[in-house]
Every structure is written in C-alpha cells, then in structure tokens.
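Chemist: First residue of the sequence shown? That's 1 in the numbering used here, and the numbers climb one at a time after it.
Sending over a structure as structure tokens; questions will come in a sec.
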Amino acid sequence: MTLPTTLLPTSVVGSHGLPGWVWLAREALQAGRLGVTDVRELMEDATQVALLDQERAGIDVLTTGEMGRVRFIIGFYDHLKGIRAMEEPRKLGQPHWDTNTPFEVVERVTAPAGLGIVDEFKLARSLTGKPLKATVPGPYTLMFPLRLGGGYRDRDTLLADLVGLVNAECRALVAAGAEFLQIDEPHSGMYAGTAPNFAQGVNRAVEGVRAKIAVHVCFGNLYGRPFQPVRSYRNVYPAIHELTASQIVLEYANRGMDDLALWREFPTDKELGAGVIDVKAFKAETAEEVAERIRALLRYVAPDKLWLNPDCGFWETPRWAARLKMAALVEGARQVRRELDGVRS
Numbered sequence: 001m002t003l004p005t006t007l008l009p010t011s012v013v014g015s016h017g018l019p020g021w022v023w024l025a026r027e028a029l030q031a032g033r034l035g036v037t038d039v040r041e042l043m044e045d046a047t048q049v050a051l052l053d054q055e056r057a058g059i060d061v062l063t064t065g066e067m068g069r070v071r072f073i074i075g076f077y078d079h080l081k082g083i084r085a086m087e088e089p090r091k092l093g094q095p096h097w098d099t100n101t102p103f104e105v106v107e108r109v110t111a112p113a114g115l116g117i118v119d120e121f122k123l124a125r126s127l128t129g130k131p132l133k134a135t136v137p138g139p140y141t142l143m144f145p146l147r148l149g150g151g152y153r154d155r156d157t158l159l160a161d162l163v164g165l166v167n168a169e170c171r172a173l174v175a176a177g178a179e180f181l182q183i184d185e186p187h188s189g190m191y192a193g194t195a196p197n198f199a200q201g202v203n204r205a206v207e208g209v210r211a212k213i214a215v216h217v218c219f220g221n222l223y224g225r226p227f228q229p230v231r232s233y234r235n236v237y238p239a240i241h242e243l244t245a246s247q248i249v250l251e252y253a254n255r256g257m258d259d260l261a262l263w264r265e266f267p268t269d270k271e272l273g274a275g276v277i278d279v280k281a282f283k284a285e286t287a288e289e290v291a292e293r294i295r296a297l298l299r300y301v302a303p304d305k306l307w308l309n310p311d312c313g314f315w316e317t318p319r320w321a322a323r324l325k326m327a328a329l330v331e332g333a334r335q336v337r338r339e340l341d342g343v344r345s
C-alpha cells in the first residue's frame, strides 16, 4: 500500500453510517435467526458498502467502516475473558455513557483470540485495493467501563494488561498487511487540569509496531451531546510531544478556532488530521463551506502537515448523510488544492 502524496489527503475517522438493512439484520441476529454463514455474509456485504461509499466519494485513505462493531467499543468486550457484565446504571431516557453496560473484572483480563480487528481488516483488504487505515481502541478506552476486581490492586495494573492486548492486536494487524494504524483514545481530551499520560499507555501499546501510527482524541460528543463540560484540547497539546505517533487526529468542526490557535504554542513535526465537517443533526455541508473551513485551518497548520477528515465517526449518522458529507469533504479539498497549486506556480 502506498499512502497518498497529494496535499490535503482525505480520510475518515473510522465508522461508517449503517444501512437500514444492517439494523434489521442485527435485530434478527439478536433473535437467534442468523447462522454463522449468514453473519459472515452480513459482515462482508456491509463492509463492501462502506468501502464503496468511501471510494465513490473519492476518499484517499479508507477505513473498514467498522461495520461489525456495536456502539464503537461495546462489541470488543465479547472478546475479553475475565470480565462479567453488570447492570446498566441507567436504562430510561436518552442514551449516554451511563446507559452503556459496565463490566466487573473477576480474574485476569485476556483476549485469547484477539479483539477481532484483524479479521475485520483482512476482509476489507480483500475487498479494495485502495489505501486502508485500521482503527484500534486504545488501552484507556478499553478500560473505561471496567470495574476493578479479580485480583487487580489498581487501575495501573489493569492498564498494563490492556496495553499488552492492544499491542498484540497491532502487531497482528501489521503481520496481516496493515501499514497505517489509528489508536482511538476519545476520552483523553475531556478532563480539566490533567494532561493525558500517553507515555504510560498509548506509547507502550504501539511499541515495536512497524506501521504509520495515528492517535485520535475525540472532541467529546455522544449522540450529539457533550460528555464533559471541558470541551477543549488545551490539556492535550502539551502531551502530544510524548506520543510515539506521526499523526494526531483531532476534531475542530464543533467549536471555533480559538482552541486550534493554541497549536502554535506547541510546535510539532507531527501531521494533524483535522476535522472539517460538523457531523451532527442531518445536515450535509457544501463543498464551499468545507473549503472555507480548510482555509481557516491552514492559518495554523502547514498544508503538508494537514490531513482532512470528518469530526468523529459516522456510526451515529444516517448513511445518506455520511455519503453527502464525504463528497463535500473531497470536493472542498480539491478546491483548496487548486488554490494552493496556483500559489506555488
């Protein structure tokens, strides 16, 4: 795989909008109406849809679409041993983080068959010849719904085992042909007063992994609602220098540029994957609006260091809106590339 060499390459954060028939198939799966072959066919067809939508939009670096995952990370816990599902703390009202299932740790946490991302990647790799990015949950993200027990004396001890699981998955992905991995640590930018300790978890999780490494830190939305009132990357910027990564994937469409202006105070040679489309409601922005957003980003980031992607994943977005947003992203990038080519000539 050769990564794009054009200025302002486009990608997506990870997940793709689920087609309506996938929701129906999931209901059938939960009702026990699908066999192993049915599920395999479902995953192949859904992944093919996600890849084709990205290819037709003109996205430069695709993802698998994460079509086999449930609500970003929940499905990964089916692959873990040593945990037990607990009651959700809240079952009524609007869904939020406290409506997700927590898990009690009852013994050492392991993943004997991995996290399932390798099979996800192999399937996508067989369906497209385009550059492909594999997305992997970081150790802090995996730890979020786990409640201490099973002999773990503190969260650092638990984190160490989760780091090992993520590292093993990353190495297996590289062995399967992955050349570009994105570690997803959405919570790292949401806590005031404390910079994320990336060196303790993320860096160890990618130790010895021979691939381009990106780290994604979310803006803090779930179902279009803020998870924390902080909503700033101020604490993230200083810690970015500690990351063993060549790309930082951040989201700026849901806020003004004041936060991004701080980027100048922490100069770095890392590429910045910056969100340029507001993935909320059902509104698909125009290419002209995207181009204007890109021009604003270029006031703070050099064009050879800037990648373009939507804010966060598309799993909360209807597929039709995701397709329109990707098309607007690609066309907006083309407009600005032409302007930059004119300046250079």
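Ideal Cβ positions, reconstructed from N, Cα and C, are used throughout, including at glycine.
Tell me whether the beta-carbon of residue 162 lies closer than 8 Å to the beta-carbon of residue 145.
Modeler: No, the Cβ-Cβ distance between residue 162 and residue 145 is not below 8 Å.
Chemist: Is residue 113 helix, strand or coil by DSSP?
Modeler: Residue 113 falls in the coil class under three-state DSSP.
Chemist: Can at least three beta-carbon pairs, one atom from the stretch 316 to 326 and one from the stretch 11 to 31, be found at a separation below 8 Å?
Modeler: The stretch 316 to 326 is in contact with the stretch 11 to 31.
Chemist: Helix, strand or coil, according to DSSP, for residue 269 in the structure here?
Modeler: Three-state DSSP puts residue 269 in coil, outside helix and strand.
Chemist: Here's a check: name, in chain order, each residue in its chain whose Cβ is nearer than 7 Å to the Cβ of residue 387, leaving out the five neighbours to either side.
Modeler: This structure cannot settle anything about residue 387, because the visible part of the chain is limited to 1 through 345.
Chemist: Would you kindly work out how many angstroms separate the C-alpha atoms of residue 177 and residue 42, rounded to a whole number?
Modeler: Going by the C-alpha atoms only, they are around 23 Å apart.
Chemist: Taking the alpha-carbon positions, what's the residue 276 to residue 302 distance?
Modeler: For residue 276 and residue 302, the distance between alpha carbons rounds to 15 Å.
Chemist: Ignoring anything shorter than 3 residues or poking outside the stretch 85 to 147, list the beta strand (DSSP E) runs there in chain order.
Modeler: Complete beta strand (DSSP E) runs here, min 3: 103 to 110 and 132 to 137.
Chemist: Considering only the beta carbon of each residue, do residue 29 and residue 39 sit closer than 8 Å?
Modeler: The answer is yes: Cβ separation under 8 Å.
Chemist: Which class does residue 279 belong to by DSSP, given the choice of helix, strand or coil?
Modeler: At residue 279, the pLDDT of 47 sits below 50, so the modelled position is not reliable; the number obtained from the coordinates is stated separately. The answer is coil: DSSP assigns residue 279 none of H, G, I, E or B.
Chemist: Going by the DSSP bridge assignment, what does residue 247 pair with across the sheet?
Modeler: DSSP output for residue 247 lists 214 and 271 as bridge partner(s).
Chemist: Which residue comes first and which comes last in the beta strand (DSSP E) that contains residue 180?
Modeler: Note, residue 180: beta strand (DSSP E), 180 to 184.
Chemist: Name the two residues that bound the continuous beta strand (DSSP E) containing residue 308.
Modeler: 306 to 309 is the span of the beta strand (DSSP E), which, as asked, contains residue 308.
Chemist: Which residue marks the beginning of the alpha helix (DSSP H) containing residue 170, and which one marks its end?
Modeler: Taken as a continuous stretch (DSSP letters only), the alpha helix (DSSP H) holding residue 170 covers 155 to 175.
Chemist: Taking the straight line between their C-alpha atoms, what separation do you get for residue 319 and residue 19?
Modeler: One C-alpha to the other measures close to 6 Å.
Chemist: Since residue 132 and residue 143 should fall inside the 8 Å C-beta cutoff, what is the C-beta to C-beta distance between them, to a whole number of angstroms?
Modeler: Going by Cβ atoms, the distance from residue 132 to residue 143 rounds to 27 Å, so no, they are not a contact pair.
Chemist: Would you mind reading off the limits of the alpha helix (DSSP H) that contains residue 52?
Modeler: Looking at the DSSP string, the run of the alpha helix (DSSP H) that includes residue 52 is 36 to 57.
Chemist: Apart from the five residues just before and just after residue 208, which ones in its own chain have a Cβ nearer than 8 Å to its Cβ?
Modeler: 167 and 171.
Chemist: Secondary structure at residue 343, three-state DSSP: helix, strand or coil?
Modeler: Correct three-state label for residue 343: helix.
Chemist: Taking buried to mean at least 16 other C-beta atoms within 10 Å of its own C-beta, is residue 216 buried or exposed?
Modeler: The residue in question, residue 216, is buried, as its Cβ has 16 or more Cβ neighbours within 10 Å.
Chemist: Does the distance from the C-beta atom of residue 8 to that of residue 294 stay below 8 Å?
Modeler: Taking 8 Å as the Cβ cut-off, residue 8 and residue 294 qualify as a contacting pair.
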